[in-house]
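Right, one structure below, let's go through it.
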Amino acid sequence: MKIPSLAAVPPAPPAAQNASAETAREFEAAFLTQTVDEMLKTVKIGMFGGGHAEETWRSFLARAVADQIAAEGSTGIARSVGRAMDAYQGGQALPTEETK
């Protein structure tokens, strides 16, 4: 049984690459939202006014902070995830430290 190589798969069209970049940025924002939310849980209740409202709105604050960090592109998470998605869609192996 002969199995064709993945190299024969055509590369993803530019529209798909743009979609993968946006998806990667959304993934980065979602990941950072969880991280920022956990960080905010360590802040003493009352630092932002306290009460039930603070607990309710903390997730919105976490998302806003995470979106800003992701928009700056300073973590490299979206770039790394985007490269992996493009390689997968193009049927290519991901570059390793040895092949860079």
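Per the UniProt record's numbering, the very first residue in the sequence shown carries number 1; after that it's consecutive.
Beta carbons: idealized from backbone N, C-alpha and C, even for Gly.
- Contact annotation: the region 30-43 touches the region 64-71, with at least three C-beta pairs closer than 8 Å.
- Ranked by how close their Cα comes to the Cα of D37, the residues A19, G50, W57 have W57 in first place.
- Just measuring C-alpha positions, the residue of V65, G73, S59, F27 sitting nearest K41 is S59.
- Look at T42 here: in three-state DSSP terms it is coil, with no helix or strand label.
- Taken through DSSP and simplified to helix, strand or coil, T75 comes out as coil.
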